Amino acid sequence: MNFKTFIVLLLGIMAIGSSVYGQGSVQEELSRRNLTLSEAQTLARQAGINPNNPEELARVARANGVSEDQIQEWLVEMRMRQNGDTSGSEVQDLRSKVTSSDDLMMDKISDPKPDSLIKMDKELTYFGYDIFKDTPDPFKPNPLGPVGDGYIVGPEDELRLSVWGATEFQYELKVDVEGRVFIPNIGQIMVAGQRLSDLRESLKNRLSQSYSGLVRNPPTIFMDLTVTRLRPIQVFVLGEVKNPGGYTFSHNSSIFNVLYGVGGPKNSGSLRDVRIMRDGKVIASVDLYDLLLRGVELQNTPLLNNDRIFIPQRKNTISISGEVKRSAIFELKENEDLNDLIDFAGGLQPEAYGDRFQISRVVPINERKHPSFAREVLDFSLKSVMNGELEVPLFDKDSVRVFTISEVSDEIVKIMGEVNQPGTYELSNKIQTVRDLILAADSLQDDAFVERGILTRTQNDSTTINISLNIKEILEGSTEHNILLQKRDELEIFRNTVQLIDNRFVVISGEVKNPGTYKFNEDLTLEDLILKAGGFTESAYIGDAEITRTKKTVNKSEITQKLTHEIVPENSFKDDYYSVDLFWPILDKAHDFELNHRDQVFIRTNPRFREQRNVIVQGEVEFPGSYTIIQRNERLSDIIDRVGGLTSEGYAGGARLKRGDRDVVIQLDNLLKGDSSADILLQRNDTLFVPKTPNTVLVSGNVAIDGFIKYRPDERLTYYLDQAGGMQKDSYKYVRLTQANGATYQVRRKGLFKQNPRVEDGAHITVIYEEPAPEGDRKPADEILRESLALLTSTLTIIVLVDRAFN
């Protein structure tokens with residue numbers, strides 16, 4: 072047996088320590104090599120390896136080339152087999168031993184990493200977590216009970232029936248899987264699902280049938296029923312706990328017992344919202360502060376088999392130190408404030424200073440003036456907060472400091488604005504001048520305005536004066552401006568935006584990939600802006616860039632100045648199409664142009680650049696397909712030549728041109744006959760369709776028989792209407808005629824001036840139905856006659872005048 076195989080066997084030694092789990096791949100491997108479990112353990116010890124230490128076995132195995140997957144598989148199996156399987160039906164004998172947290176059976180690997188104690192302050196620790204380090208015996212789960220009268224008896228429980236008096240006997244009764252017990256001389260009795268108190272009464276009534284002394288008055292026989300052995304419940308502890316997994320406990324264990332048994336929550340876990348989950352729902356939320364701080368009994372929710380105890384992450388982390396009785400790091404709920412925090416800290420010390428306390432706060436990322444300086448110091452009146460006159464909300468990572476009377480005096484100064492640690496400071500040997508105060512505040516921020524600062528001084532009569540200081544000269548060692556501070560002085564350092572134009576920008580538009588507005592910085596060049604905009608598009612004109620600038624002009628009528636910067640100086644290359652090879656030469660030239668605030672850059676479109684545009688030709692042509700427009704003024708006649716003309720069955724009179732969603736009426740037949748006026752310019756995505764010669768005319772609508780009628784050359788509209796049985800009486804006075812090329816006309820078919828145009832092959836005649844007018848709306852016959860005569864007279868007058876004018 073080589074050493075590598077030997078190590079693999081060692082990793083499985085503890086996995087076969089029980090006869091229940093002895094039938095596995097490891098047992099087969101040992102049998103194949105004629106080794107017993109004890110022999111393998113002896114070999115391990117002789118090799119200087121502790122077979123009971125999983126970490127040592129894993130380390131040696133890795134050093135000898137065993138795969139990590141195989142090691143982890145053995146480690147998981149080893150721990151699970153070492154600690155026991157809670158999924159079986161084994162029960163816990165309460166007569167022979169007391170179950171403690173040391174005896175708990177665990178299904179899952181414990182977290183191998185120790186939970187380090189995170190501190191917000193060198194002297195502060197998280198409140199409430201240390202109690203779970205060592206388990207006091209009074210808090211350990213006690214499986215001996217007492218089992219209350221409300222306990223529900225179930226399968227696998229073992230009961231003790233004791234009878235004494237005139238008759239004496241005692242039986243150990245085991246509840247079988249069907250919930251029954253067998254009592255000698257009595258028989259089988261169903262007991263599962265009953266409360267212990269109810270079971271005593273029902274069993275007493277059943278036994279009284281054989282032992283009447285149980286129900287005599289006074290009784291001569293006495294009976295008692297107790298639980299001596301019960302099946303433990305399995306509880307899964309999940310979330311922010313040190314050792315998550317499945318555990319078995321006695322039925323009367325509380326949530327506090329469970330948390331002690333698993334080592335308690337991590338510091339990242341909440342003590343204010345310990346959840347009990349059952350069937351996927353939260354049935355209770357326990358606040359451990361109630362027990363730890365006030366001794367209030369936890370919510371009495373009995374645990375059942377397969378319950379989940381979930382520890383979510385801490386809601387927040389807020390510390391309090393100084394003159395309080397219990398300086399620590401606490402967790403607050405949403406409706407809790409500084410008064411609650413002080414209450415958790417045991418209240419104030421007698422020497423606490425009431426006029427001022429301090430909060431060191433982490434500034435939210437979106438509110439930070441500088442990304443490197445994320446904390447601010449705030450001062451408030453403690454007395455006002457505790458009296459309810461002032462509300463001071465607390466946020467995650469806040470650090471509260473309560474001062475002593477001796478720490479606070481009237482000898483204080485304040486610094487505000489663009490320093491790294493603004494706040495209140497005490498005049499001392501270290502802080503006497505303006506420069507001392509700035510350095511105590513961790514110096515200036517990068518965007519501080521150093522030319523001026525204002526010192527506000529409160530005089531003896533409570534009036535204030537402002538003193539202007541040159542901060543730059545103070546920091547460089549000037550004694551003129553570095554004046555001595557007096558108590559209650561307030562120094563304000565401004566941001567450099569007081570002299571600069573804030574929110575400066577430039578704009579780029581046109582043929583770049585990401586046109587838009589960009590932040591302006593000093594020394595920003597045209598090259599920088601083009602890069603920010605993602606470079607040129609393929610259709611960009613690379614000869615020059617147009618820049619408009621907000622600037623005072625000589626001509627008062629001009630509101631902006633227009634500049635042009637050549638980026639390709641050679642005239643022969645100005646209108647070339649943009650390509651990758653030209654990118655860096657263009658940028659080198661663009662680097663020479665510096666931009667100003669509010670400049671607008673326009674990259675124009677190359678007028679010669681055209682994407683390929685196609686037209687589609689379908690139907691009866693020699694070569695149908697998609698054709699690229701080659702020249703600017705591509706015409707219908709050009710495309711007909713390129714498709715080889717029409718086939719012998721093609722019908723030019725019925726050709727249709729589709730442009731988008733609309734029809735364009737064309738006269739292809741006239742064009743083919745040489746009529747150049749029928750030619751038309753084509754556009755991108757035009758679709759030309761040439762049908763076959765139909766040799767029919769369609770008549771539809773309000774006619775006797777609608778349908779196709781054979782086309783006859785030179786026949787007019789009347790012919791086709793007659794062939795369709797004529798127009799019905801309730802037809803509209805106009806008929807719609809659509810010729811084969813799509814041209815549509817209204818043809819008058821009633822009245823004095825009927826029209827009868829020639830109909831082309833493939834045309835469509837539509838007779839429209841007209842709703843008859845109501846009887847009351849019809850005009851009298853004499854009125855109709857007068858209107859007709861007036862129309863006729865007007866028409867004859869026009870004819871006479873025209874005849875005289877031309878003759």
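According to this note's numbering, the sequence shown holds residues 72 to 878 in order.
Ideal Cβ placement from N, Cα and C applies to all residues, glycine included.
Quick caveat: nothing in here was measured; it's all calculated off a predicted structure.
Span separating the alpha-carbon of residue i from that of residue j
| i | j | result |
| --- | --- | --- |
| Asn812 | Lys800 | 30 Å |
| Gln503 | Ile486 | 13 Å |
| Ala723 | Glu842 | 38 Å |
| Asp414 | Arg343 | 15 Å |
| Tyr360 | Ile304 | 26 Å |
| Ile54 | Thr588 | Because the chain in this structure spans residues 72 to 878, residue 54 falls outside the shown range and cannot be described. |
| Asp358 | Arg397 | 19 Å |
| Asp647 | Gly715 | 35 Å |
| Ala775 | Pro762 | 29 Å |
| Met798 | Leu792 | 7 Å |
| Thr621 | Phe607 | 25 Å |
| Ala512 | Leu498 | 13 Å |
| Lys352 | Met457 | 39 Å |
| Ala749 | Leu717 | 17 Å |
| Asn741 | Gln689 | 19 Å |
| Leu666 | Arg506 | 39 Å |
| Lys781 | Tyr698 | 36 Å |
| Glu438 | Glu127 | 51 Å |
Distance CB(residue i)-CB(residue j) smaller than 8 Å
| i | j | result |
| --- | --- | --- |
| Arg271 | Ile260 | no |
| Thr619 | Lys603 | no |
| Tyr649 | Glu682 | no |
| Val433 | Phe451 | no |
| Ile700 | Leu753 | yes |
| Gly605 | Val583 | yes |
Residues near residue i in its chain [Cβ-Cβ closer than 8 Å; skip 5 each side]
| i | result |
| --- | --- |
| Gly340 | Gly310, Glu311, Val312, Ile382, Pro383, Gln384 and Arg385 |
| Gly771 | The displayed chain sequence assigns Ser, not Gly, to residue 771. Within the same chain, Ser771 has close Cβ partners Asp777, Gly778, His835, Ile836, Thr837 and Val838. |
| Ile751 | Arg706, Leu707, Leu728, Val735 and Ile737 |
| His883 | Nothing can be reported for residue 883: it is not among the residues displayed for the chain, which extend from 72 to 878. |
| Tyr424 | Glu394, Leu453, Val473, Phe474, Thr475, Ile476, Glu478 and Val479 |
| Asp532 | none |
| Asn410 | Val456 and Met457 |
| Gln94 | In this prediction, Gln94 has a pLDDT of 39, which is less than 50 and means its spatial position is unreliable; what the coordinates show is noted afterwards. Here the set comprises nothing. |
Pick from the options that is closest to residue i, judged by C-alpha positions
| i | options | result |
| --- | --- | --- |
| Arg819 | Ala834, Ser802 and Asn437 | Ser802 |
| Gln671 | Leu597, Leu739 and Phe654 | Leu597 |
| Gln265 | Val224, Lys454 and Val473 | Val224 |
| Leu285 | Trp235, Pro303, Phe327 and Thr299 | Trp235 |
| Arg566 | Leu808, Arg506, Ile525 and Leu301 | Ile525 |
| Arg302 | Asp228, Ile326 and Gly332 | Asp228 |
| Leu759 | Gly721, Ile564, Thr767 and Ala775 | Gly721 |
| Ile538 | Asn531, Ile545 and Leu562 | Leu562 |
| Lys821 | Tyr805, Asn314, Phe320 and Asn256 | Tyr805 |
| Thr388 | Asp378, Glu402 and Ile380 | Glu402 |
| Lys660 | Ile638, Arg277, Val345 and Ala616 | Ile638 |
Beta-carbon proximity list for residue i, same chain, < 7 Å, skipping 5 on both sides
| i | result |
| --- | --- |
| Val448 | Gln429, Ser431, Gln492, Pro493 and Gly494 |
| Asn827 | Arg787, Leu788 and Thr789 |
| Lys179 | Any answer about Lys179 is weak, because its pLDDT of 34 lies below 50 and its placement is not dependable; what the coordinates show is given next. Cβ within range, chain order: Pro315, Gly316 and Gly317. |
| Lys275 | Leu285 and Met294 |
Residue i classed as buried or exposed, judged by whether at least 16 other C-beta atoms fall within 10 angstroms
| i | result |
| --- | --- |
| Tyr816 | exposed |
| Phe337 | The sequence given here places Lys at residue 337; Phe does not occur at that position. With 16 or more other Cβ atoms within 10 Å, it is buried. |
| Val367 | exposed |
| Ala844 | exposed |
| Val651 | exposed |
| Leu230 | buried |
| Lys744 | exposed |
| Gly332 | buried |
| Asp757 | buried |
| Ser390 | buried |
| Pro315 | buried |
| Tyr840 | exposed |
| Lys825 | exposed |
| Asp469 | buried |
| Arg365 | exposed |
8 Å Cβ cutoff, residue i in contact with chain C
| i | result |
| --- | --- |
| Leu359 | Protein chain content of the structure displayed is limited to a single chain, and chain C is not contained in it. |
Own chain, CB closer than 6 Å to residue i, minus 5 neighbours either side, in chain order
| i | result |
| --- | --- |
| Tyr222 | Leu267 |
| Ser325 | none |
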